[in-house]
Amino acid sequence: RAAPHGRSLVSSPQAFTELQAKVIDTQQKVKLADIQIEQLSKTKKHAHLTDTEVMMLVDETRMYEGVGRMFILQSKGVIHNQLLEKQRIAEEKIKELEQKKSYLERSVKEAEDNIREMLMARRAQ
């Protein structure tokens, strides 16, 4: 009944504890990804709403971009492009985080399945 690497087929309590720790750690990473996705969604929505308001103004309207502790006069087109870029970047990051989140969720499921298998193997003894 020995496994190739010297352990018995029924995993040790240490392996069980490591799997539990992995599940908890991965679940925390999923929650963090959710928080980041929510924050980026707010950023994207804010940029979209601001852009909507900017586009309603006449082209000659004086617009200022906040840079650090000062403001710089910018054209409507520059402000519009910056807001579109901000939305695009937020969307890209959201997609990356959603992919990472789905990978982490699969990882949690696999680890939970492994824990179940260990428990079943212990009960079978």
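Numbering (my numbering), first residue to last: -9 to 115. Positions of the beta carbon are idealized from the N, C-alpha and C atoms, including for glycine.
Item	Value
Determine the direct distance from the alpha carbon of Lys90 to that of Asn104, and round the result to whole angstroms.	21 Å
Is DSSP giving Gln115 helix, strand or coil here?	coil
Kindly indicate which residue of Gly56, Ser65 and Gln77 has the alpha-carbon position closest to the one of Ser128.	Any question about residue 128 goes unanswered here, given that the chain covers just -9 to 115.
Should Ile14 go down as buried or exposed, given a rule of 16 or more other Cβ atoms within 10 Å for buried?	exposed
For Leu94, does the count of other Cβ atoms within 10 angstroms reach 16, so buried, or fall short, so exposed?	buried
Is the Cβ-Cβ distance between Ser97 and Thr16 less than 8 Å?	yes
Taking 8 Å as the cut-off, decide whether the C-beta atoms of Leu47 and Lys66 are in contact.	yes
Can you tell me where the beta strand (DSSP E) holding Val57 begins and where it ends?	Met53 to Val57
Compare the Cα-Cα distances from Met53 to each of Arg113, Gln64 and His38 and report the closest residue.	Gln64
For a test of the three-state rule: what should DSSP assign to Leu63, helix, strand or coil?	strand
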